[in-house]
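Per numbering that gives the first Met the number 0, residue 0 is the first one in the sequence shown, and the count goes up by one each step.
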Amino acid sequence: MVDGRAIVGKIDNAVVVVRSGPPPSEPTRGRSPVSLFWRIFLLNAAVFTAATAFLIFAPITVPVSFMLPEALILGAGLVIMLTANAVLLRVGLAPLRRLVKAMTTTDLLRPGPRPAVTGHAGIADLIQTFNTMLDRLEAERALSTARALSAQEAERRRVAQELHDEVGQSLTAVLLELKRVKDHAPESMREELRQVQETTRDSLDEIRRIARRLRPGVLEELGLISALKALTSEVAGSARLTVQRKFDTDLPDLDDEAELVLYRVAQESITNTARHARANRLEVSLRRVGTGVLLRLRDDGVGLGDASEGAGMRGMRERALLVGADLSIAGHPTGGTEVRLHLPIRDRRAPR
Numbered sequence: 000m001v002d003g004r005a006i007v008g009k010i011d012n013a014v015v016v017v018r019s020g021p022p023p024s025e026p027t028r029g030r031s032p033v034s035l036f037w038r039i040f041l042l043n044a045a046v047f048t049a050a051t052a053f054l055i056f057a058p059i060t061v062p063v064s065f066m067l068p069e070a071l072i073l074g075a076g077l078v079i080m081l082t083a084n085a086v087l088l089r090v091g092l093a094p095l096r097r098l099v100k101a102m103t104t105t106d107l108l109r110p111g112p113r114p115a116v117t118g119h120a121g122i123a124d125l126i127q128t129f130n131t132m133l134d135r136l137e138a139e140r141a142l143s144t145a146r147a148l149s150a151q152e153a154e155r156r157r158v159a160q161e162l163h164d165e166v167g168q169s170l171t172a173v174l175l176e177l178k179r180v181k182d183h184a185p186e187s188m189r190e191e192l193r194q195v196q197e198t199t200r201d202s203l204d205e206i207r208r209i210a211r212r213l214r215p216g217v218l219e220e221l222g223l224i225s226a227l228k229a230l231t232s233e234v235a236g237s238a239r240l241t242v243q244r245k246f247d248t249d250l251p252d253l254d255d256e257a258e259l260v261l262y263r264v265a266q267e268s269i270t271n272t273a274r275h276a277r278a279n280r281l282e283v284s285l286r287r288v289g290t291g292v293l294l295r296l297r298d299d300g301v302g303l304g305d306a307s308e309g310a311g312m313r314g315m316r317e318r319a320l321l322v323g324a325d326l327s328i329a330g331h332p333t334g335g336t337e338v339r340l341h342l343p344i345r346d347r348r349a350p351r
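Structural data, given as structure tokens:
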């Protein structure tokens, strides 16, 4: 079950929770504060201590000549047994501790290495089952994310088309009607009508900008580089932001899905910079790195600070996982924020 906070699975009738966010800071209510190691150790220690006490104080087993040296020898033997018990338990339960750590830190938006399958048969089987559950959950999440993003893009196209065809044409008709009225209006009213025309024209331009952001037609018609250039030029003009662009000309072939992910990540990053970063300069680069591509955006703004990731950043991570890309969002050492998206190219290219 995936609910945005935790993912629940079953391992040998035991419920395992894999969180999709940071682990809780407070301990779970009702959970014993004594670890499994200490429970087993204390139980064994109680058994050893009882056996030693029985040997010392039982009249049947202790000779008449029992003296302090014999008691010291038994005490030393008890200490040695307890130490050996502690060492063996610590070694035997080490894989289980690693599994518990993986359970509490696993985040499906930031996939990491699986816990090593080590330990005795029971613990090894538990770790292997946990890894299999993670693989299944990540596959199911990727499938559901792909469906959700596909539906989202379809809805964006529909809304953009309606804005362009319905609202855009209506505002164009209003502009034409205002021009006709202005030409026949008295001189005293022409200035007011001109202001109404300007307001209507600005609204029409804004509707067109919204439609372009919802459905990047230039991406479908002219490709990724042209779409990124148009995006940065639009933001630079509206946000008074100096944009430095660097795009390699020998980029590998990308399928439509990969290009859309790169464009949407760049769009979200640039929008965040323009709205929240209070930056003056933005660097946008798209380079070929080995057999893949690297999209990098860096600004000189206020940085992330202590702000938590919002829906926009989570959406970027989900899109990156959709195409098997690695996304990092972090503050730059010299200030500002840096977003890096590395997309390896696999044999999944579709004909264009």
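The C-beta atom is built at its ideal place from N, Cα and C for all residues, glycine as well.
- Judged by DSSP secondary structure, ILE328 falls within the beta strand (DSSP E) whose first and last residues are 325-330.
- Distance from the Cα of VAL166 is smallest, within the candidate group LEU175, ARG140, MET80 and ARG207, for ARG207.
- In the structure shown, THR336 adopts extended strand secondary structure according to DSSP, grouped into three states.
- ALA265 counts as buried, since at least 16 other C-beta atoms from the protein chains shown sit within 10 angstroms of its C-beta.
- In the DSSP assignment, the residues bridged to VAL292 are ARG287 and LEU342.
- In the DSSP secondary-structure assignment, LEU281 is bridged to VAL242 and ASP298.
- Inclusion of LEU303 and ALA324 in the CB contact set at 7 Å is not warranted, their separation being larger than that value.
- Under the three-state reduction of DSSP output, PRO185 falls in the coil class, being neither helix nor strand.
- Using a Cβ-Cβ distance cut-off of 8 Å, the segment 314-321 and the segment 277-286 are not in contact, since fewer than three pairs of beta carbons, one from each stretch, lie closer than that value.
- Measuring C-alpha to C-alpha distances from THR128 to each of ARG113, ALA141 and LEU142 identifies ARG113 as the nearest.
- Note on VAL288: under 16 other CB atoms within 10 angstroms of its CB, so exposed under the neighbour-count rule.
- Contact between LEU321 and THR144 holds: their C-beta atoms lie close to 6 Å from each other, under 8 Å.
- In this chain, the alpha helix (DSSP H) harbouring ALA257 covers 255-271.
- Apart from the 5 residues on each side of it in sequence, LEU230 sits with its Cβ closer than 7 Å to the Cβ of ALA265, GLN266 and ILE269 in its chain, given in chain order.
- Distance from the Cα of GLU282 is smallest, within the candidate group LEU293, ILE344, ILE328 and THR241, for THR241.
- Taking C-beta atoms under 8 Å as the contact rule, LEU261 and LEU223 qualify, at a distance of about 6 Å.
- Going by C-alpha positions, LEU227 is about 16 Å away from PRO251.
- Using a Cβ-Cβ distance cut-off of 8 Å, the segment 134-142 and the segment 180-191 are not in contact, since fewer than three pairs of beta carbons, one from each stretch, lie closer than that value.
- Short of 8 Å from the beta carbon of LEU98, and not among the five residues preceding or following it, lie these beta carbons of its own chain, in chain order: PRO114, ILE122, LEU125, ILE126 and PHE129.
- Within 10 angstroms of the beta-carbon of ARG214 lie 16 or more other beta-carbons, which makes it buried.
- The residues LEU88, in chain order, have a CB closer than 7 Å to that of ILE39 in the same chain once the five nearest residues on each side in sequence are set aside.
- Here GLY91 carries a helix assignment [DSSP, helix/strand/coil].
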